[in-house]
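Working notes, beginning with the structure itself.
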Amino acid sequence: MHHFAHLDQLIELEHGEARQLYWQIGDVLRHVAMGAQRPTPRPVDGNLFLALPALQRVGQRLYRLAQREANAIGPPRQRPRRFRLKAEELVALMLHVQPQATSGLVVLGKVQQKSLNLESLITFPASR
Numbered sequence: 008m009h010h011f012a013h014l015d016q017l018i019e020l021e022h023g024e025a026r027q028l029y030w031q032i033g034d035v036l037r038h039v040a041m042g043a044q045r046p047t048p049r050p051v052d053g054n055l056f057l058a059l060p061a062l063q064r065v066g067q068r069l070y071r072l073a074q075r076e077a078n079a080i081g082p083p084r085q086r087p088r089r090f091r092l093k094a095e096e097l098v099a100l101m102l103h104v105q106p107q108a109t110s111g112l113v114v115l116g117k118v119q120q121k122s123l124n125l126e127s128l129i130t131f132p133a134s135r
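For the sequence shown, this note's numbering begins at 8 and goes up steadily by one.
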């Protein structure tokens with residue numbers, strides 16, 4: 008499938024926010040994995056199944072960034088880091104992570120703001 012690079016969005020992550028978003032994605036991925044390991048496997052929603060690769064990719068990038076922050080010597084970086092979300096990653100976050108989030112994370116608010124840039128092209132559920 009053609010990648011719509013012009014739809015990619017940049018978010019600015021303050022120190023610690025990569026880790027927060029990584030954990031939120033991890034919650035969704037763990038829920039799917041635990042459902043698959045039950046004696047009677049819990050079926051995965053088809054839309055979530057299709058979003059899993061994008062969630063895993065963005066989760067891995069966030070994890071690497073969080074590890075770099077955790078291993079950095081000296082005081083935390085003051086300037087936020089720019090983090091690129093591919094359009095399919097942003098859509099996967101909005102459809103499957105944002106609705107499940109138990110805490111009102113600032114970083115998911117940033118993702119939601121970026122989703123507004125795509126609303127003329129992509130329909131998100133009216134959960135707002």
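Note that CB positions come from ideal geometry on N, CA and C, so glycine has one too. In this text the structure is predicted, and so the values were computed from the model without any measurement.
- Annotated three-state conformation of phenylalanine 56 is helix, per DSSP.
- Looking at the DSSP output, isoleucine 18 shares a beta bridge with Phe90.
- For glutamate 95, the secondary structure class from DSSP, reduced to helix, strand or coil, is helix.
- For glycine 33, the enclosing alpha helix (DSSP H) has its first and last residue at 24-43.
- Residues Leu20 of the same chain have their beta carbon placed closer than 6 Å to that of arginine 88, with the five preceding and five following residues left out of the count.
- C-alpha of methionine 101 to C-alpha of serine 122: approximately 8 Å in a straight line.
- In this structure, lysine 117 lies away from isoleucine 32, with their beta-carbon atoms at least 7 Å apart.
- For alanine 40, the closest alpha carbon among the candidates Arg26, Leu55, Gln27 is that of Leu55.
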